[in-house]
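Notes follow the structure.
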């Protein structure tokens with residue numbers, strides 16, 4: 083398969099040329115990289131970022147309209163991994179880069195990239211920052227995956243990574259979201275789904291939370307997608323007056339759909355509650371306060387990268403991975419707490435080494 087390069091959207095600034103090497107990117111994995119791209123643009127003013135992906139990437143698909151301003155060029159199906167003969171030739175043929183960020187973890191592939199791709203500085207995500215050419219290599223490698231991306235920038239530059247901000251959204255998506263959720267009420271977003279059912283807080287719990295929020299004067303809003311098709315009729319029957327929005331497509335703006343519309347809806351929320359799922363990471367890119375719910379997965383690795391954020395683990399309510407162990411009252415209390423955090427701007431994280439879950443410097447390779 084021949085590499086597919088998207089049009090170059092960068093300007094000829096003469097700034098550093100940054101290359102990022104990745105294997106494959108689903109929508110969920112790609113969403114995590116927006117803070118990384120933002121931090122790179124700030125760490126290297128005027129830089130030109132080329133994102134090289136061995137196979138498919140959502141940055142050439144569902145996220146293509148949101149990519150300009152973050153990535154200047156996307157090369158999909160770059161075939162930089164196998165078969166070896168073709169991969170090695172393709173690595174040699176890539177444009178020279180001032181800095182290469184290889185975010186892959188297969189050692190042989192990272193070694194090949196460092197040996198064959200033209201570059202001045204090479205930064206890897208491998209344990210101990212192995213193969214990285216930097217005086218900052220002794221910094222610990224965070225447990226959190228996005229934290230690792232941020233630490234790569236710090237390892238390369240010796241300066242803190244500034245990832246904060248929001249994704250600029252199309253006006254059509256913002257209009258569509260405003261039409262569904264006009265100014266006035268305090269909206270609390272509820273994302274009840276997840277790709278794995280073992281990661282889902284029971285729908286009955288979400289319904290009870292929505293009732294409790296309504297009783298307290300807030301307006302709960304359910305944000306659903308394809309994984310929640312079976313939940314939609316149950317939500318509509320149980321809470322007919324609660325907004326229920328399919329994040330895939332606006333019912334009023336034909337041009338507003340996909341992740342941009344879901345992000346625009348999330349921007350209307352005062353706070354949101356989500357399971358450990360892609361939509362939680364999507365909403366994190368809006369900068370809204372969040373409460374994240376965990377069972378079988380580890381918040382040390384997968385907590386949405388935003389602030390302020392609070393999380394609850396089912397293990398803290400009986401030592402089980404069953405999501406139903408998390409009480410409704412505890413989640414409601416965390417919603418109120420994270421709103422208070424936002425009002426007082428009292429949070430400290432996320433930290434690139436700990437994401438607020440450990441003391442800085444205690445993160446371990448794994």
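Residue numbers (the numbering used here): 83 to 448.
Just so you know, even glycine gets a beta-carbon here, dropped at the ideal spot from N, CA and C.
> Quick one, which of 252, 253, 306, 247 has its alpha-carbon nearest residue 271's?
Replying inline: Position 189 of the chain shown, counting from 1, holds the residue named residue 271. Considering only 252, 253, 306, 247, the residue with the shortest C-alpha distance to residue 271 is 306.
>> Spatial neighbours of residue 93 within its chain, please: C-beta separation below 7 Å, excluding the five flanking residues on both sides.
In response: Counted from its first residue, the chain shown places residue 93 at position 11. Legend: pLDDT at residue 93 = 45, less than 50; position of this residue unreliable, no value from coordinates given.
> Unbroken alpha helix (DSSP H) runs of length 4 or more, entirely within the region 288 to 354: which are they?
Replying inline: Scanning the region 288 to 354 from its first residue to its last, the whole alpha helix (DSSP H) runs of 4-plus residues come out as 314 to 320, 340 to 349.
> In chain order, what residues of the same chain lie with their CB nearer than 7 Å to the CB of residue 379, ignoring the 5 residues before and after it?
Replying inline: Here the question's residue 379 lines up with position 297 in the chain shown. By the criterion of a C-beta distance shorter than 7 Å, residue 379 is surrounded in its chain by 281, 358, once the five residues flanking it on both sides are discounted.
> Any idea what DSSP makes of residue 439, helix, strand or coil?
Replying inline: The residue you call residue 439 lines up with position 357 of the chain shown. Below a pLDDT of 50, predicted positions are generally treated as unreliable, and residue 439, at 39, falls in that range; the measurement from the model is reported next regardless. Here residue 439 sits in coil by DSSP.
>> As a quick exercise: from 111, 159, 103, 109, pick the residue whose alpha carbon is nearest that of residue 133.
In response: The count along the chain shown starts at 1 and reaches residue 133 at position 51. Residue 133 has its Cα closest to that of 103, out of 111, 159, 103, 109.
>> Based on DSSP bridge pairs, tell me the residues matched to residue 205.
In response: As a working note, residue 205 is residue 123 in the chain shown. Residue 205 is bridged to 183.
> Quick one: is residue 423 buried, meaning 16 or more other Cβ sit within 10 Å of its Cβ, or exposed?
Replying inline: Within the chain shown, the letter at position 341 stands for residue 423. By the 10 Å Cβ count, residue 423 comes out buried.
> Does DSSP put residue 424 in a helix, in a strand, or in coil?
Replying inline: Taking the first residue of the chain shown as 1, we reach residue 424 at position 342. In this structure, residue 424 counts as helix in the three-state DSSP scheme.
>> If I measure Cβ to Cβ from residue 434 and keep anything under 7 Å in the same chain, skipping five residues before and after, which residues do I get?
In response: As a position in the chain shown, residue 434 is number 352, starting the count at 1. Residue placement at residue 434 cannot be trusted, given a pLDDT of 46 that sits under 50; the coordinates are not used to answer.
>> Could you compute how far the alpha carbon of residue 387 sits from the alpha carbon of residue 222?
In response: Residue numbering aside, residue 387 sits at position 305 when the chain shown is read from its first letter. Residue numbering aside, residue 222 sits at position 140 when the chain shown is read from its first letter. One alpha carbon belongs to residue 387, the other to residue 222, and they sit about 19 Å apart.
> For residue 192 versus residue 158, is the C-beta distance shorter than 8 Å?
Replying inline: In the chain shown, the residue the question calls residue 192 occupies position 110. In the chain shown, the residue the question calls residue 158 occupies position 76. Their beta carbons are not under 8 Å apart, which means residue 192 does not touch residue 158 by this criterion.
> From 169, 127, 120, pick the residue whose C-alpha is nearest to that of residue 153; which is it?
Replying inline: Counting from 1 along the chain shown, the entry for residue 153 is found at position 71. When only C-alpha atoms are compared, the closest one is 120.
> Assuming residue 129 and residue 100 make a contact with CB atoms under 8 Å, what is their CB distance in whole Å?
Replying inline: Position 47 of the chain shown, counted from the start, is the residue given in the question as residue 129. Position 18 of the chain shown, counted from the start, is the residue given in the question as residue 100. 5 Å between Cβ atoms; contact.
>> Measuring alpha carbon to alpha carbon, tell me which residue in 117, 279, 291 is nearest residue 312.
In response: The residue you call residue 312 lines up with position 230 of the chain shown. Among 117, 279, 291, the Cα nearest to that of residue 312 is on 279.
> Looking only at C-alpha atoms, which of 329, 107, 265 sits nearest to residue 362?
Replying inline: Position 280 of the chain shown, counted from the start, is the residue given in the question as residue 362. Looking at the Cα atoms, 329 is the closest of the given residues.
>> Bridge partners for residue 270 per DSSP, in chain order?
In response: Mapped onto the chain shown, residue 270 falls at position 188. Paired residue(s): 302, 353.
> In terms of alpha-carbon separation, which member of 125, 109, 394 lies closest to residue 148?
Replying inline: To locate residue 148, count along the chain shown from 1; it is residue 66. When only C-alpha atoms are compared, the closest one is 109.
> Which value, in whole angstroms, describes the spacing of the CA atoms of residue 106 and residue 183?
Replying inline: Within the chain shown, the letter at position 24 stands for residue 106. Within the chain shown, the letter at position 101 stands for residue 183. Their backbone Cα atoms lie some 15 Å apart in a straight line.
> Where do the ends of the beta strand (DSSP E) carrying residue 454 lie?
Replying inline: This structure cannot settle anything about residue 454, because the visible part of the chain is limited to 83 through 448.
>> Using the three-state DSSP reduction, which class does residue 216 fall into: helix, strand or coil?
In response: On the chain shown, position 134 is the one that residue 216 refers to. If DSSP states are grouped into helix, strand and coil, residue 216 belongs with coil.
> Hey, quick one: how far does the alpha helix (DSSP H) through residue 384 stretch, first residue to last?
Replying inline: Counting from one through the chain shown, the residue named residue 384 turns up at place 302. First-last of the alpha helix (DSSP H) with residue 384: 381 to 384.
> Just curious, the beta strand (DSSP E) that residue 104 is in, first and last residue?
Replying inline: Counted from its first residue, the chain shown places residue 104 at position 22. That run of the beta strand (DSSP E) goes 99 to 104.
>> Quick check on the burial criterion: 16 or more other C-beta atoms within 10 angstroms. Buried or exposed for residue 373?
In response: Position 291 of the chain shown, counted from the first residue, corresponds to residue 373. That one is buried.
>> Among the candidates 427, 111, 403, 162, whose CA atom is the shortest distance from the CA of residue 283?
In response: What you label residue 283 is simply residue 201 of the chain shown in a count that begins at 1. Residue 403 holds the alpha-carbon nearest to the alpha-carbon of residue 283 among 427, 111, 403, 162.
> Relative to the alpha-carbon of residue 352, which residue among 419, 239, 238 has its alpha-carbon at the smallest distance?
Replying inline: Here residue 352 refers to the residue found at position 270 of the chain shown. With distances taken between Cα atoms, residue 352 lies closest to 419.
> Within this structure, are the beta carbons of residue 241 and residue 216 separated by less than 8 Å?
Replying inline: For the purposes of this step, residue 241 is taken as the residue at position 159 of the chain shown. For the purposes of this step, residue 216 is taken as the residue at position 134 of the chain shown. Contact flag unset, no.
> Which of the three DSSP states, helix, strand or coil, is assigned to residue 411?
Replying inline: One-based indexing of the chain shown puts residue 411 at position 329. Annotated three-state conformation of residue 411 is helix, per DSSP.
>> Going by C-alpha to C-alpha distance, which of 250, 300, 397 sits closest to residue 323?
In response: Stepping through the chain shown from its first residue, residue 323 is reached at position 241. Among 250, 300, 397, the Cα nearest to that of residue 323 is on 300.
>> Do residue 179 and residue 200 have their beta-carbon atoms positioned less than 8 Å apart in this structure?
In response: Taking the first residue of the chain shown as position 1, residue 200 is located at position 118. Taking the first residue of the chain shown as position 1, residue 179 is located at position 97. In this structure, residue 179 lies closer than 8 Å to residue 200 by Cβ.
>> Considering Cα atoms alone, identify which of 170, 346, 401 is closest to residue 256.
In response: Counting from 1 along the chain shown, the entry for residue 256 is found at position 174. Considering only 170, 346, 401, the residue with the shortest C-alpha distance to residue 256 is 346.
> With C-beta atoms as the reference, is residue 226 less than 8 Å away from residue 122?
Replying inline: Translated into positions along the chain shown, residue 226 becomes position 144. Translated into positions along the chain shown, residue 122 becomes position 40. The criterion of a C-beta distance shorter than 8 Å is not satisfied by residue 226 and residue 122.
>> I need the straight-line Cα distance from residue 349 to residue 338, nearest angstrom please.
In response: Position 267 of the chain shown holds residue 349. Position 256 of the chain shown holds residue 338. The straight-line gap from Cα to Cα measures roughly 15 Å.
>> What would DSSP say about residue 135, mapped onto helix, strand or coil?
In response: Within the chain shown, the letter at position 53 stands for residue 135. Here residue 135 sits in strand by DSSP.
>> Does residue 108 come out as helix, strand or coil in the three-state DSSP assignment?
In response: On the chain shown, residue 108 is found 26 positions in, with the first residue counted as 1. Residue state, collapsed to three classes: coil.
> So, are the CB atoms of residue 394 and residue 408 less than 8 Å apart?
Replying inline: Sequence index remark: in the chain shown, residue 394 carries index 312 (1-based). Sequence index remark: in the chain shown, residue 408 carries index 326 (1-based). Yes; because the gap between Cβ atoms is below 8 Å, this pair is in contact.
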